[in-house]
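Worksheet: one structure, shown below.
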Amino acid sequence: MAAPKLKMRLGDLLVHEHIISNEQLMQALNSQKSTGRKLGATLIELGYLSEHQLLEFLAQQLDVPFLDLSQRRIPTEVASLLPEIHARRLRAIIIEYDTDSVLIGMSDPADLSGLDQLEDLLAPRRIKLAVVMESQLFEAFDGLYRRTADIESFASQLEEEYEQSSDFELSNTFLDEGGDATVGKLLQSVFEDAIQMRASDVHIEPDEKLLRIRQRIDGVLQENILKESKIAAAMVLRLKLMAGLDISEKRLPQDGRFNLQLKGHNIDVRMSTMPVQHGESVVMRLLDQTEGLLSLDETGMPADLCERVRHQITRPHGMVLVTGPTGSGKTTTLYGALSELNQSTKKIITVEDPVEYRLPRVNQVQVNSKINLSFSSVLRTSLRQDPDIIMVGEMRDQETVEIGLRGALTGHLVLSTLHTNDAITSALRLIDMGAAGFLVGSSLRAVIAQRLVRRVCDKCSEDYQPSSQEKIWLTHLAGDGAEQASFKNGKGCQSCHYTGYKGRIGVFELLELNEPMMAALKRDDAEAFTQHAKAHPHFKPLALAAYEYACQGVTSVEEVLRLVEMVEVSG
1 MAAPKLKMRL GDLLVHEHII SNEQLMQALN SQKSTGRKLG ATLIELGYLS
51 EHQLLEFLAQ QLDVPFLDLS QRRIPTEVAS LLPEIHARRL RAIIIEYDTD
101 SVLIGMSDPA DLSGLDQLED LLAPRRIKLA VVMESQLFEA FDGLYRRTAD
151 IESFASQLEE EYEQSSDFEL SNTFLDEGGD ATVGKLLQSV FEDAIQMRAS
201 DVHIEPDEKL LRIRQRIDGV LQENILKESK IAAAMVLRLK LMAGLDISEK
251 RLPQDGRFNL QLKGHNIDVR MSTMPVQHGE SVVMRLLDQT EGLLSLDETG
301 MPADLCERVR HQITRPHGMV LVTGPTGSGK TTTLYGALSE LNQSTKKIIT
351 VEDPVEYRLP RVNQVQVNSK INLSFSSVLR TSLRQDPDII MVGEMRDQET
401 VEIGLRGALT GHLVLSTLHT NDAITSALRL IDMGAAGFLV GSSLRAVIAQ
451 RLVRRVCDKC SEDYQPSSQE KIWLTHLAGD GAEQASFKNG KGCQSCHYTG
501 YKGRIGVFEL LELNEPMMAA LKRDDAEAFT QHAKAHPHFK PLALAAYEYA
551 CQGVTSVEEV LRLVEMVEVS G
C-alpha cells in the first residue's frame, strides 16, 4: 500500500483544527526536547488531549478506521502471522487477513518507517491500516502472544531427549544450572506465561497419560494439557534443584523457595511438592516483589472501614486478627498494616512461615520446625526483645494463642491470622483452641474477615438482569432494595481473555469488640457474644459488603452468590 501521509505536521494540524492552542504546542515541543518522546505522547502526558481524541483525529485525517480492540475477537493464529518481536517493536497487530490483504492495527499510524517494515514482513499481502489505542494493543499482545506454543514445543523436544538418553545422562543434563537444557527452557516458558497472565499460582500435575499445567488467574484455575507425561519427573527434578530440596526424596512432601528475574519482574516462588499416584505434584505460589506492598487503601478496603482499621492497629496494645481461608489476601492486609506502622520509633518483630516480603527495619523470623524453632518458641523469645508490635503469621495451636494473648495483655500490639470463616466465629475459635475466655475477652480488640471477589472487566461491562432464582437470593440478602438495584456483568473481550472478569478486589468484614462482647467472652457465653456482635451498629457481614460492590458495578451477582455459598458451606 502507499503509506498514508499527513498533509501538515501533526502539531500544526492540531492547532489548525483548534484541538490544541499554539501556546500548548510550543510547550509540548519544549518538553519534547528534554524527554525525546514523540509529540503525540507528550501532548497526552501534558493533558492537552486524550489518547482517544488524538487517535480518532489521526484516523479521520488519514481516512482509516479507528477500532476498539477490546471489542474484537482476534484469533491467535491470525495475530501470529506477525511474530511477537516485530509486533511489539512496531506497535502493530494483525486483526484480520485473507489471501490478498491484512488489516493491521497500529497505535502510531503516522510511523512511515514502521509501515515500510510491515510491508516487507507481510509481502505479498497488501496492508490495510486501522488505528488502535496503545494500551489496548499491549493488552492484546499479552493475551495473544502467550507461551503456549513454546511450552508445547519444548515439551515435545524434552520427551525426545527422554526417550533417547539414559536416566543417568538425563540427570546430569537436568542438573545443569546454565539454563541451556531443554527442561530449563520449558520451565522458563511456563513462568513467563504465568507472569504474562498475572497468575498467582502454577500447578504441575502428572497423570497416567498426560501432564497438566494449571494457572490460578483471578482465583480460578485455567488448564493447559501436555501429552508428554514422561517429562514431569524432569521438570520436578529441575525445580527441586532450584529450590534447594532433596532431589533423591520422592516419597515425602517438601517445601522450598527460590527467586526468578523474568521480563523485568522480581518473582519470589514458594514451592510445595507432594507424592501422588503418577509421580510428584508441584504447586508454586508466585509473589511479584517488583510491585511492592499494597497499602491498606490499595487493598480495596472502603475508606470508612480503612479508618476504623487504622484506629485499631495504632492502639498501644491488644490483639487484631485477620481471618479467612487460604488465598483470601490475609497476608497482604497484614503487610499493608505493617508498612504503615513501620517507623523508627517502633520495634517490630514478625514470626512467619515463610517470610513472604522483606521489610526494612522489621525483625523477621522464619519458623523452622526441623530445629524446633516454632511459632510459640519464637513468640516467647520475641516478648523478651522489647517489641512494640509483634506479627504472628498464624495462630496454629493453644500455646501460640495463649502467648499471643498474654503479650497483647501486657502492653504489646499483636497482629495475626486465623483460618476461620468470619469475624464472629474467630473470637470463639480462640476459646475452642484452649484459650481462657477471660484472656480472649481482655486482649482481643478487633477481627477483620476477608475474601477476594473478581472484578467485572470495565472494557466489556454491560447491564445485567438477575434470574428469578438470583432475585430470591438477593432479596433474602439485602431485603426489598434488591428489586430496584442495578447490576453489571462482563460479556468477555480481548482485555479480560473473554472471561468477563479482570483482577480481584477485597471484601471485608470488621468486628470491633465493645464492652458487652468482651463481657460475654469472659464468661464463655458464645450465644450472647454472637448477638451483641450482630447488633453492633458498624458491623456489616461479608455477603452484604460484596452485594454493595455488585450494586456499584465492581463485581457481579455471580460472584456475590459464590461468596455467600462459600460462607454458608464453610460456616
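Each residue of the sequence shown is one higher than the one before, counting from 1 in UniProt numbering. We treat Cβ as the ideally placed atom computed from N, Cα and C, and that holds for glycine.
Option nearest residue i by Cα separation, candidates the options
i: E159; options: A130, L14 and L211; result: L211
i: N514; options: G327, E17 and A533; result: A533
i: residue 573; options: G434, L428, L477 and E205; result: Because residue 573 is not part of the residues shown, which for the chain are 1 to 571, the question remains open.
i: S468; options: V456, V64, E483 and K459; result: E483
i: R251; options: G324, D524, V276 and A234; result: V276
i: F141; options: D246, P75, P466 and L187; result: P75
i: K230; options: V202, Y162, P109 and R9; result: Y162
i: S376; options: K330, D297, V401 and I94; result: V401
i: L262; options: E51, A194 and P541; result: A194
i: Q494; options: I95, V15 and N22; result: I95
i: L239; options: D255, I225 and N224; result: D255
i: D268; options: K209, I225 and D201; result: D201
i: I196; options: D218, G143, E205 and A232; result: According to the sequence shown, residue 196 is Gln rather than Ile. Comparing Cα-Cα distances from Q196 to each of D218, G143, E205 and A232, the minimum goes to G143.
i: C457; options: M106, C496, R88 and V362; result: C496
i: K491; options: K459, L477, I472 and A485; result: K459
i: L10; options: L563, D108, S31 and L90; result: D108
i: residue 572; options: G500, G553, R504 and I225; result: Any question about residue 572 goes unanswered here, given that the chain covers just 1 to 571.
i: P466; options: H476, K488 and A478; result: K488
i: V453; options: G329, G437, I431 and R384; result: G329
i: G481; options: G503, L521 and L544; result: L544
i: G324; options: I424, T273 and I213; result: I424
i: L226; options: S113, E152 and R73; result: E152
i: A155; options: V183, V132 and Q366; result: V183
i: G264; options: F191, G327, T299 and E208; result: F191
i: K209; options: A232, D353, G479 and D98; result: A232
i: S486; options: G479, D388 and Y464; result: Y464
i: M186; options: R147, R214, H203 and G219; result: As written in the sequence, residue 186 is Leu, which differs from the Met given in the question. Checking every option, the nearest Cα to that of L186 belongs to R147.
Whole-angstrom distance between residue j and residue i, CA atom to CA atom
i: E177; j: L474; result: Confidence is the limiting factor: at E177 the pLDDT is only 47, short of 50, which leaves the residue's position unreliable, though a coordinate-based value still follows. Computed Cα separation, rounded: 55 Å.
i: L118; j: K347; result: 60 Å
i: S339; j: Y547; result: 30 Å
i: V378; j: R396; result: 13 Å
i: S189; j: E527; result: 54 Å
i: G244; j: R257; result: 8 Å
i: S556; j: R270; result: 31 Å
i: L170; j: E280; result: At L170 the pLDDT is 49, less than 50, meaning the model places this residue with poor confidence; the figure from the coordinates comes in the next sentence. Those two C-alpha atoms are separated by around 18 Å.
i: H278; j: E249; result: 15 Å
i: D150; j: R216; result: 20 Å
i: E56; j: L13; result: 14 Å
i: L260; j: E470; result: 44 Å
i: E139; j: G434; result: 52 Å
i: G550; j: S461; result: Residue identity differs from the one stated: residue 550 is Ala in this sequence, not Gly. Taking the straight line from one Cα to the other gives about 12 Å.
i: S34; j: D111; result: 21 Å
i: L561; j: K128; result: 46 Å
i: A199; j: R523; result: 46 Å
i: E228; j: Q222; result: 19 Å
i: R37; j: Q60; result: 23 Å
i: C306; j: V283; result: 33 Å
i: S344; j: S382; result: 18 Å
i: Q136; j: N368; result: 46 Å
i: L43; j: N30; result: 11 Å
i: I104; j: R125; result: 11 Å
i: L334; j: E205; result: 31 Å
i: Y48; j: M106; result: 22 Å
i: F168; j: K502; result: Residue placement at F168 is poorly supported in this model, since its pLDDT is 46, which falls under 50; the coordinates are not used for a value here.
i: V15; j: E291; result: 40 Å
i: A535; j: D525; result: 16 Å
i: D68; j: A478; result: 37 Å
Counterpart residues of residue i in DSSP-defined beta bridges
i: T417; result: V322
i: P206; result: L211
i: L287; result: D268
i: M391; result: T350 and L415
i: R126; result: S101
i: I225; result: R212
i: K488; result: D463
i: F508; result: Q450
Quiz item: Just checking, does the stretch 302 to 319 make contact with the stretch 396 to 414 on the three C-beta pairs under 8 Å criterion?
Solution: The answer is yes - the stretch 396 to 414 touches the stretch 302 to 319, with three or more Cβ pairs under 8 Å.
Quiz item: With contact counted as at least three CB pairs below 8 Å, one residue from each stretch, are the stretch 276 to 288 and the stretch 418 to 428 in contact?
Solution: Counting Cβ pairs under 8 Å, fewer than three are found: no touch.
Practice problem: Write down every uninterrupted run of the alpha helix (DSSP H) in the stretch 328 to 383 whose length is 4 residues or greater and which is fully enclosed by it, in chain order. | Solution: Whole alpha helix (DSSP H) segments, 4+ residues: 330 to 341 and 375 to 382.
Exercise. Report yes or no: do the stretch 120 to 131 and the stretch 79 to 88 share at least 3 C-beta pairs separated by less than 8 Å?
Key: A contact between stretches requires three or more CB pairs, one per stretch, nearer than 8 Å, and the stretch 120 to 131 meets this requirement with the stretch 79 to 88.
Quiz item: Can you list, in chain order, the stretches of the beta strand (DSSP E) that have 3 or more residues and sit fully within the stretch 419 to 468?
Solution: Here the runs fully enclosed are 444 to 456 and 461 to 464.
Quiz item: Below 8 Å, can you find three or more Cβ-Cβ pairs linking the stretch 446 to 453 to the stretch 341 to 359?
Solution: The stretch 446 to 453 vs the stretch 341 to 359: no contact.
Quiz item: Whole alpha helix (DSSP H) runs in the stretch 231 to 283 with 4 or more residues, listed along the chain?
Solution: Listed in chain order, they are 232 to 243.
Practice problem: Go through the stretch 37 to 84 residue by residue and report every complete run of the beta strand (DSSP E) that reaches 3 residues or more, in order. | Solution: Here no run is fully enclosed.
Quiz item: On the three-pair Cβ rule with 8 Å, is the stretch 501 to 510 touching the stretch 531 to 545?
Solution: Yes, the stretch 501 to 510 is in contact with the stretch 531 to 545.
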